[in-house]
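Engineer:
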Amino acid sequence: MRWLLSLLLLSLTSKVNAADCPNTLAEFGPVPSIITLKNCEHIERGQEHFITNYLVSGKNAAQAEKWLQERFDMKPLYYLCCGWEPVDRSDFRQNRDGRGHYLDKISNQYYDITMTSGETLTNERSQWPSIPQFFISVTWYPEGAI
0 MRWLLSLLLL
10 SLTSKVNAAD
20 CPNTLAEFGP
30 VPSIITLKNC
40 EHIERGQEHF
50 ITNYLVSGKN
60 AAQAEKWLQE
70 RFDMKPLYYL
80 CCGWEPVDRS
90 DFRQNRDGRG
100 HYLDKISNQY
110 YDITMTSGET
120 LTNERSQWPS
130 IPQFFISVTW
140 YPEGAI
């Protein structure tokens, strides 16, 4: 019921505080306590979709990355240009998207899951604790939108 209320609130505004957002990751099972719900967005331009945003500190980024890889098959984070992002490095001629994916078999709802650092000059994994925060985003499309 709370999820439906949150979805209604999302349809009325573009960005909603965490208290009124569905905890999308929690719908798939327990979420590590190092991951904090930040906010959610309803994007109506282009193809309508919803995004739930989370934060994780740099000191816990490796643990969060591992959980996202195991749970959603997200690819490892690589430093590209100016920040960290998941990249499928199986074809070294292209930096293909490495987002994780989840298909809820009950609702048939499809989700994209990704983790990024935002802009940083920190280009060594061992220095992740010096990055204040990483961002995790879960994107999903309303039924029938895909």
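Quick note: the sequence shown uses numbering that gives the first Met the number 0, first residue 0, plus one each step. Beta carbons are placed, not taken as given, at the ideal position from N, Cα and C, and that holds for glycine. Predicted, not measured: the structure shown is a model, and the values here were computed from it.
(1) Could you compute how far the alpha carbon of TRP127 sits from the alpha carbon of CYS81?
(2) Just how far apart, CA to CA, sit ILE130 and ASN107?
(3) How many angstroms separate the CA atom of GLY117 from the CA atom of GLU26?
(4) Kindly indicate if chain D contains any beta-carbon less than 9 Å away from that of ILE34.
(5) Do you know how far the Cα of PRO21 is from the Cα of VAL55?
(6) Using only the alpha-carbon positions, how far apart do LYS104 and VAL137 sit?
(7) Please state whether DSSP places ASN16 in a helix, a strand or coil.
(8) Please list the terminal residues of the continuous beta strand (DSSP E) segment that includes LYS37.
(9) Per the DSSP calculation, PHE71 is bridged to which residue(s)?
(10) Measure the C-alpha to C-alpha separation of MET73 and TYR140 and round it to an integer number of angstroms.
(11) With a threshold of 16 other CB atoms inside 10 Å of the CB of GLU47, please say whether the residue is buried or exposed.
Structural biologist: Well, looking at it:
(1) It is roughly 14 Å from the alpha-carbon of TRP127 to the alpha-carbon of CYS81.
(2) Their backbone Cα atoms lie some 36 Å apart in a straight line.
(3) Rounded to whole angstroms, GLY117 and GLU26 show a C-alpha spacing of 26 Å.
(4) No chain D is part of this structure, which consists of one protein chain only.
(5) The C-alpha of PRO21 is placed about 18 Å away from the C-alpha of VAL55.
(6) Their Cα atoms are separated by approximately 17 Å.
(7) Correct three-state label for ASN16: strand.
(8) Here the beta strand (DSSP E) through LYS37 covers 35-42.
(9) Residue pairing by DSSP leaves PHE71 without any beta bridge partner.
(10) A straight line joining the alpha-carbon of MET73 with that of TYR140 spans about 19 Å.
(11) By the beta-carbon neighbour count (other beta carbons within 10 angstroms, threshold 16), GLU47 is exposed.
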